[in-house]
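Notes follow the structure.
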Amino acid sequence: MQLHIGADVSVPMYKILFVLNDKGMTQPTKLFLEKARRERRFTACAGKAKSYVVLKERGRERVFASHIASSTLEKRWKSEIGREYLNEIAVLTISAAEQE
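Everything in the sequence shown is counted per this note's numbering, starting at 1 for the first residue and increasing by one.
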């Protein structure tokens, strides 16, 4: 499953570690983003960034800036999880019950 994070960019949902809101960032968070930029593990979006999506790729964090609000990305994520994983969870629950 892919999460659309803006423009023509979609990322694999299973790689997402967290989403940061652009407002109220702490100093350590700002330093984390700066380090990602310096190490070329940062992909900017078109327009002003409202959130930052942090992924785990090849054992390292990668940051994508998004012009979509973190609350909207969260709603999209929950919507995708609801559609795709509820069936899987139901199957796993039934399988576990059958083993007892």
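No residue lacks a Cβ here, since even glycine has one placed at the ideal position from N, Cα and C. Keep in mind it's a predicted model, so treat the numbers as computed, not measured.
Below 6 Å CB to CB, which residues in the same chain sit around residue i once its five sequence neighbours on both sides are set aside?
| i | result |
| --- | --- |
| Gly47 | His67 |
| Val19 | Ser51, Val53, Ser70, Leu73 |
| Ser10 | Gln2, His4 |
| Thr43 | Phe64 |
What residue range is occupied by the uninterrupted beta strand (DSSP E) comprising residue i?
| i | result |
| --- | --- |
| Lys15 | Unbroken run through Lys15: none, as it is neither H nor E. |
| Ala65 | 60-66 |
| Lys50 | First-last for Lys50: undefined, no H or E at that position. |
What residues in its chain sit with their C-beta under 7 Å from that of residue i, if we drop five residues either side in the sequence?
| i | result |
| --- | --- |
| Ala7 | Cys45, Ala46 |
| Trp77 | Leu3, Met13 |
Report yes if the C-beta distance between residue i and residue j is below 8 Å; otherwise report no.
| i | j | result |
| --- | --- | --- |
| Arg41 | Arg58 | no |
| Ala49 | Ala65 | yes |
| Lys15 | Lys75 | no |
| Glu80 | Met13 | yes |
Which stretch, first to last residue, makes up the alpha helix (DSSP H) that contains residue i?
| i | result |
| --- | --- |
| Lys30 | 27-38 |
Cutting at 8 Å between CB atoms, please list the residues of its own chain near residue i, excluding the five before and the five after it.
| i | result |
| --- | --- |
| Thr29 | Leu20 |
For a test of your reading of the model: does the CB of residue i fall under 7 Å from any non-hydrogen atom of the ligand FAD? Yes or no.
| i | result |
| --- | --- |
| Asn21 | As presented, the structure is devoid of all ligands, the ligand FAD included, so that no description of it is given. |
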